[in-house]
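Under the working numbering, read the sequence shown as residues 191 to 305, first letter to last. Data block below; observations after.
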Amino acid sequence: MAEREIRLLQIFSTLVEDHSKDFEGFVRDVEKVRYCHAPMDSQQLGRCEYALRNMEILLLTLHRCIQVGNYQGEEYEALLRTKNSWLAMKARADTCMQEIQGIIDKTYLAVHARR
191 MAEREIRLLQ IFSTLVEDHS KDFEGFVRDV EKVRYCHAPM DSQQLGRCEY
241 ALRNMEILLL TLHRCIQVGN YQGEEYEALL RTKNSWLAMK ARADTCMQEI
291 QGIIDKTYLA VHARR
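Written out as structure tokens, the structure is:
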């Protein structure tokens, strides 16, 4: 693994608490649309898409940190706990997005019904 990548992963891991706050915010963005705290319009759907992409990249980077194996003991355990927490939150966001997409699909079919 390249030295630069290792350094970037180390920096990421030291900022995991900040990344966790971001991750939680991304989940909230999706939940706000799903639970009618934000309109289901193109701007909010764009935010949801942005949130999902960023959750994926954060999970991928966290997974890479764990794979590298430079962490041991409490540091390693904290990364694993964070990963498990993020996976659970991502699953919740994915469920919300599936429900949102279902509504979009039904609406599209109703509006564009074949004659």
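Beta carbons: idealized from backbone N, C-alpha and C, even for Gly.
Could you pull out every residue in the same chain whose Cβ sits closer than 7 Å to the Cβ of residue i, ignoring the five residues on either side in sequence?
i: Asp219; result: Arg237, Cys238, Ala241
i: Ser210; result: Thr272
i: Ile201; result: none
Which residue wins for smallest C-alpha separation from residue i, given the options the options?
i: Asp212; options: Gln262, Met287, Glu246; result: Glu246
i: Thr297; options: Leu248, Asp231, Leu250, Ala281; result: Asp231
i: Ile294; options: Leu248, Leu249, Pro229, Leu250; result: Pro229
Suppose the cutoff is 6 Å on Cβ atoms and the five residues either side in sequence are ignored; what does the same chain contact list for residue i look like?
i: Phe216; result: Ala241, Asn244, Met245
i: Leu252; result: Lys273
i: Ala303; result: none
Cutting at 8 Å between CB atoms, please list the residues of its own chain near residue i, excluding the five before and the five after it.
i: Glu265; result: Ser203
i: Tyr261; result: Ser203, Cys255, Leu269
i: Glu221; result: His227, Arg282, Ala283, Cys286
i: Arg305; result: Its pLDDT being 49, under 50, Arg305 is placed unreliably in this model, and the value from its coordinates should be taken loosely. Counting only Cβ-Cβ distances below 8 Å, and skipping sequence neighbours, we find nothing.
i: Ser275; result: Ser210
Suppose contacts are defined by Cβ-Cβ distances below 8 Å. Is residue i in contact with residue j by that definition?
i: Ile290; j: Arg194; result: no
i: Met287; j: Glu214; result: no
i: Leu269; j: Cys255; result: yes
i: Leu199; j: Val258; result: yes
Determine whether the Cβ of residue i lies closer than 8 Å to any Cβ atom of chain C.
i: Arg194; result: The displayed structure is made up of one protein chain only, and chain C is not part of it.
For the stretch 202–275, list the alpha helix (DSSP H) runs that are entirely contained and at least 4 residues long, ordered along the chain.
Entirely contained in the stretch 202–275, the alpha helix (DSSP H) runs reaching 4 residues are, in chain order, 206–224, 232–258.
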